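See below for the structure under consideration.
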Amino acid sequence: TTTTTVLGNLDNQEVTPEYEIIQEYPASFGNIVVWQQYDINKNNHDIYLCSITKNGENEGCLAGDAKRQVTSIAGNQTRPAIYGKWIVWEEDIDNFMDIYLCDITLPQGTNGACYSGDTKTRLTTAIYGIKPKIWGNSTSNDPSQTKIVWQSIGGYNIILCRFAGAANCNSPTTISHSL
Numbered sequence: 005t006t007t008t009t010v011l012g013n014l015d016n017q018e019v020t021p022e023y024e025i026i027q028e029y030p031a032s033f034g035n036i037v038v039w040q041q042y043d044i045n046k047n048n049h050d051i052y053l054c055s056i057t058k059n060g061e062n063e064g065c066l067a068g069d070a071k072r073q074v075t076s077i078a079g080n081q082t083r084p085a086i087y088g089k090w091i092v093w094e095e096d097i098d099n100f101m102d103i104y105l106c107d108i109t110l111p112q113g114t115n116g117a118c119y120s121g122d123t124k125t126r127l128t129t130a131i132y133g134i135k136p137k138i139w140g141n142s143t144s145n146d147p148s149q150t151k152i153v154w155q156s157i158g159g160y161n162i163i164l165c166r167f168a169g170a171a172n173c174n175s176p177t178t179i180s181h182s183l
């Protein structure tokens, strides 16, 4: 089965090329689109991104454009979300779900950058998480206005991280408790 993601504002241009892959969970902020992609040959999910401002070239969103692969390690990286320069996702390595983050503005080869092979930032330590979301005050340049929320595994609590821009979540807050 082949799935193609289409954005309404691109005059119905295909965003992802058609191969033996499955693309799901698209998210966007500004001109950047992110999604998870299942590769039948590798038997895992990875995160990809493209920019509609680069259509017709590398990292553009048209069908023939080469997309940027954000993750490429073993396991599954799924359910991406994006806000500003940050992408968050859930990652399943050896049946442990964690929340990871990267910065799309950092150059390739830098820790925390959003390129395949770069070391990403793990936000969860003792609290495993799924289904991350990220948002903030789009009129503020203050990184402390960015918030990340996810569901913890086991207790099914909702966890909030007030992101300080230093690529960490040292003091997450449990905002709901399961009964």
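Offset between the sequence shown (1-based) and the numbering used here: plus 4.
Built from N, CA and C at the ideal position, the CB exists for glycine as well.
What you are looking at is a predicted structure, and each value in this text was computed from that prediction instead of being measured.
Cβ atoms of G79 and E94 stay farther apart than 8 Å, at about 10 Å. For E28, the beta-bridge partners assigned by DSSP are Q40. When DSSP states are grouped into helix, strand and coil, T57 belongs to the helix group. Note: T125 is bridge-paired with L105 in the DSSP secondary-structure output.
Note that the region 57-70 does not touch the region 100-112; fewer than 3 beta-carbon pairs, one per stretch, sit closer than 8 Å. With at least 16 other beta carbons inside 10 angstroms of its own, T82 counts as buried. Checking the DSSP bridge columns, you'll see C165 partnered with I152. Under the three-state reduction of DSSP output, Q112 falls in the coil class, being neither helix nor strand. Taking each of E28, T123, C65 in turn and checking the Cα distance to N35, the smallest one comes out for C65. Inclusion of K135 and W154 in the CB contact set at 7 Å is warranted, their separation being smaller than that value.
For K135, the enclosing beta strand (DSSP E) starts and ends at 133-139. Here T75 carries a coil assignment [DSSP, helix/strand/coil].
I157 is a Cβ neighbour of Y132, given a cutoff of 7 Å.
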